[in-house]
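If you read the protein sequences in the order shown, they are chains A and B. Heads up: the first sequence begins at 31 in my numbering, then just goes up one per residue. Heads up: the second sequence begins at 59 in my numbering, then just goes up one per residue. Shown next, in structure tokens, is the structure this report addresses.
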Amino acid sequence: MIDAQHFEDRLLDALTEVDARRAGTSPAFQHREPRRRVGRTLALAVAASFLVFGTGAVATATGLFSSAPVAVKRIFAGLDGTSGSSVDGSKAVQIGVIDDHLAYAAPTSNGGFCLYFASNPRSGPTGTACISRGAGASEAVFSVLPGTDGGVLFGRVGEADAASVDITFPDDGGVLDTRVGESGFFAVKIPERAMRTLMIELVPGSKGYPPTKDGRPILSFDLTRVPAISVIARDAQGNQVAHGVPVAELDPVPSDQSTPR
Amino acid sequence: MRDPSDEDLLAAIAAGPGALPEFYRRHVGRVTTIGVKRFDNAEDVADFVASVFLEVLTSAGGFDPRRGRALPWLYGLAGNVATGMYRRRSRTIQAEQRLSGRALLDADDYARVEERIDAVARLRRTYLAMQDLPDQDRRLLELVAIDGLAAAEAASALSISPVAARVRLTRARSRLRALLASGRQPGETTTLYRVREGSA
């Protein structure tokens, strides 16, 4: 006789334990008042970031750089970094809210770090990405995680005095200014206009690309454009303290490869 | 005194511990059904169910009752979790082991879940074929064709208008037919990326 509830009961016990442990542990679980959303406007970037197209718009900072909740630390603990490194989930911190996605970062044993963007059923990027390279004293390593309807630029500054980073996109794609947070992490949602500068057009129906209605081209993220992004880290007085180092080699991985590098 | 609605429970989950078990009891069957339509082995289904409810814990604060009901929200969240699991597997990045659902399975569970997996094999093949569609079309088509949501419910889950949903559904079905007609194996053209160290 099959006990139809065994797995479900055990899972409920485990979830109840996780639920109970989060009491007062992190603002990530505190109820956030729903905010108004105007169309597809991407309202909140990390920290006090603002997009400069002639005039600036200031975003809001909420709940930044607090310790990540237990569930998120477990995610990091279950990840491998790159090049055989391990991820220290115990040091994971929330680094912001990007397009309604809570974003977290955790260091790896080789000086790099991993990002985790919590899922959100509405839209935008989600998932994990790791950079195995540490940031030198005068460096700001960065990369781009492309998403469904946009992308996220994220990175880490090695200079302790860094307070903000200026991000300039190629082809007049705009300039972003975002705050550097705890442990030098930074991340920001890439606006649509800037994201377009990182994309190429593919011909529908050719080389296996699906056809599109009315034959419009398919836009695809072009990793070779990432080094064209300029990132400069500045201290609180506005002096440059680190230069950007793109970590932008997105490598197609054979689907039959069974283990990560 | 009425029982709390699903929307009430999500607000309570976001506010603190205690409300998750009731939400879980109401929806674990539904979430398992979503899982067996997407994964072909009991272990992945178990991991999926565990991950979905952990995501509920993490994401309940983002639920806005003015933008839709709890159930479509849950379907949307579950769809994202499934997509994440597929992509991580494709990219050969190790699966996130937040809470290992598979470790909670016993022999009886395997048999029971596998029966359900076998019962929806055809739907799962369709689901696999959808993985080559553009993300937004795919997410919408999954909710309607795989999970059985009405177009309006799926639109609510994805925060798009019902009119836009109908347009996208038409486009998605057309693209899916084209993909199936091209004879490619499901997932064959999926772009697989991972970030690795580069040069300055």
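Where a beta carbon is used, it is the ideal one built from N, C-alpha and C, also for glycine. Remember, it's a predicted structure, so these values are computed and weren't measured experimentally.
Spell out whether any CB of chain B is found under 8 Å from the CB atom of residue i.
i	result
A/F37	yes
A/A98	no
A/V261	no
A/D201	no
A/L232	no
A/A44	yes
A/A217	no
A/R40	yes
A/L249	no
A/V123	no
Between residue i and chain A, is the shortest Cβ-Cβ distance under 8 Å, so that the two count as touching?
i	result
B/A108	yes
B/P62	no
B/S117	yes
B/P79	yes
B/A128	no
B/D66	no
B/A208	no
B/V178	no
B/Y185	no
B/D105	no
B/V86	yes
B/A239	no
Taking its Cβ as the centre, do 16 or more other Cβ atoms sit within 10 Å of residue i, making it buried, or is it exposed?
i	result
B/L173	Rather than Leu, the amino acid found at residue 173 of chain B in this sequence is Glu. So B/E173 counts as exposed.
A/A50	exposed
A/V233	exposed
B/L216	buried
A/D201	exposed
A/G119	buried
A/Q267	exposed
A/E47	exposed
B/S63	exposed
Going by DSSP in three states, residue i sits in which element: helix, strand or coil?
i	result
A/R67	In this prediction, A/R67 has a pLDDT of 30, which is less than 50 and means its spatial position is unreliable; what the coordinates show is noted afterwards. Reduced to three states, the DSSP call for A/R67 is coil.
A/I161	strand
A/S250	strand
B/K95	coil
A/D39	helix
B/P79	helix
B/L216	coil
A/E169	strand
A/F106	helix
B/L227	helix
A/R186	strand
List the endpoints of the continuous beta strand (DSSP E) containing residue i.
i	result
A/M229	229-232
A/T198	194-198
A/T208	205-209
B/V107	Unbroken run through B/V107 is the alpha helix (DSSP H), 100-117; no beta strand (DSSP E).
A/R264	260-264
A/Q270	270-276
A/L145	143-147
In the DSSP assignment, the alpha helix (DSSP H) including residue i goes from what residue to what residue?
i	result
B/A187	179-187
B/I71	64-73
A/A217	Careful: A/A217 lies outside any alpha helix (DSSP H), inside the beta strand (DSSP E) at 215-220.
B/Q194	193-199
Assuming residue i contacts residue j (C-beta within less than 8 Å), just tell me the rounded distance between them.
i	j	result
B/L191	B/L199	7 Å
B/D195	B/R224	Their Cβ separation, rounded to whole angstroms, is 12 Å, which puts B/D195 and B/R224 out of contact at 8 Å.
A/I197	A/V261	5 Å
B/F106	B/G93	4 Å
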